[in-house]
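Undergrad:
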Amino acid sequence: MQNALGAQLPHRNEAAPRGDARPDIGTVVAMTSTASPGTLTIPTPTPGLIARLNARTALDQTEAGRTFASLLLTYPAPQFEDVDPAGVELMMRGVASTLGAIPAVLPSVVPGRAPSFSVDRVSITPSGIPLVHFDGTPWSMRIAESPGWSRVMSGLGRVLLVVGLDELSPVASAAEVDEYIECAGEADRLYATVSSVADAAGRRTALRRP
């Protein structure tokens, strides 16, 4: 299977070792140029939504041994209340749209499709803090510092961004995250893009993660 950077991926995640048999973001996700389905108006992410999003960083390797960075964004499932799945999906479609992400599918379903590529949706501040930028809003998402992940992302100059349409517990275990990625990929409920990484944050305001 080809990853978004155009190379074969083994089952490996250096940020959170999970064993050789697990699926990883790069293996599950291959981008297709299919347009977003439905006719609903896709909302721009609000400051409140951006602050609530869960971000999970990961390092993966190509078959040739080249390491690259990926970032999974999901909506946090509340612990003691129900959520409206349709409402969550609409909000996360907005996140995907403003990142330039497109529907991701398993490579076995749509092989050989070119990945989506977005320009500077991620930047690194002078102090080394990664920020994710969304079109249509001045607010940016601050990603928790992970020196190894940031170093790889900055050195390569690009990052794989993956957006899940369904909620996921913020305290999900590694196995639960793996299952989420696998199931969402099989159900066409992942969006993805490869973004270039800017070395300046511009004038956007960064939201601190709660």
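Residue numbers (the numbering used here): 12 to 221. C-beta atoms are modelled at their ideal positions from N, C-alpha and C, and glycine is treated no differently.
Can you tell which of S161, V170, W150 has its C-alpha closest to the C-alpha of V106?
TA: Comparing Cα positions, the closest option is W150.
Undergrad: I want to know whether the stretch 136 to 150 touches the stretch 89 to 104 - three or more CB-CB distances under 8 angstroms.
TA: The stretch 136 to 150, when compared against the stretch 89 to 104, does not touch it at the 8 angstroms Cβ threshold.
Undergrad: Name the residue from L201, D177, G196, A69 whose alpha carbon lies nearest to the alpha carbon of P96.
TA: The candidate whose alpha carbon is nearest that of P96 is D177.
Undergrad: Helix, strand or coil for P158, going by three-state DSSP, please let me know.
TA: Three-state DSSP puts P158 in a helix.
Undergrad: Bridge partners of D93, per DSSP?
TA: Note: D93 sits in no beta bridge, so no partner.
Undergrad: Contact check, L110 vs F79 under 8 angstroms by CB: the rounded distance?
TA: Contact flag wrong, Cβ pair sits at about 17 angstroms.
Undergrad: Could you please give me the residues that DSSP links to Y86 through a beta bridge?
TA: Paired residues: E178.
Undergrad: For the beta strand (DSSP E) that contains A62, what are its first and last residues?
TA: First-last for A62: 58 to 63, but that is the alpha helix (DSSP H), not the beta strand (DSSP E).
Undergrad: By alpha-carbon positions, which one of S206, Y86, I135, R67 ends up nearest to G59?
TA: If we check each option's Cα against that of G59, Y86 comes out closest.
Undergrad: Under the rule that 16 or more other beta-carbon atoms within 10 Å means buried, what is A186, buried or exposed?
TA: So A186 ends up on the exposed side.
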